[in-house]
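Below: the structure, in structure tokens.
In the numbering used here, the protein residues as written are 852 to 1089.
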């Protein structure tokens, strides 16, 4: 899809007023709907908009307009700009700038990153906090000149980096770490399906050498009451 003119409606107004081009040709060049161009010709659309001459602006040539007026099937083409803009060179990002008021908090942020995200490499910490590799090593080895009073502090809270940058570096470091195979653990609780399942019937072909559990005799309620009555009579007789 080709690029349209800078001011499409103003250009359409000028083409409608100063040329005999069809609505479809103007709509195709200005990237408008043909009914919208018809509304401009009827004065219902773009009322009060001053027409913009595309020839003066270098977007069309007079020869191109005359060619399109002679051939209704010809589509207008945007003229190539004579002004060539220089290509913008990509500038490599330098180290992150840290405000002067926050520079004394960088060792605290480094200590927090080292403790909470040991998987981060020194280069990643340098990008996040804007520090040097020497300072990171001093904080790791506790040889920093102010190591006695350092306290771990979140770099996001300190304003040294954003949460998005921190999450990106942590995820990037996690991908580089080797995958750890799950280790076998000890005994675990039985699932509810097994613990609440009904007991299976005895296996007729089970090992007969194993001792069978001793079954308790069934309690006869009548005999128990009879014994209690007999004991009560003996007490009364005494």
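No residue lacks a Cβ here, since even glycine has one placed at the ideal position from N, Cα and C.
Taking a C-beta distance under 7 Å as the contact criterion, residue 910 and residue 856 qualify as a contact pair. The straight-line gap separating the alpha-carbon atoms of residue 976 and residue 1003 is approximately 14 Å. Annotated three-state conformation of residue 959 is helix, per DSSP. When C-alpha distances from residue 898 are compared across 973, 984 and 864, the shortest belongs to 864. Taken through DSSP and simplified to helix, strand or coil, residue 858 comes out as coil.
About 55 Å separates the beta carbons of residue 915 and residue 979, which is beyond the 8 Å limit, so they are not a contact pair. Taking the Cα positions, residue 892 is about 56 Å away from residue 1012.
Judged by DSSP in its simplified three-state form, residue 912 adopts coil rather than helix or strand. Distance check between residue 866 and each of 896, 903, 883 and 1079 places 903 closest, using alpha-carbon atoms only. In this structure, residue 927 lies near residue 919, with their beta-carbon atoms less than 7 Å apart.
Taking 7 Å as the cut-off, the beta carbon of residue 906 is found no closer than this to the beta carbon of residue 888.
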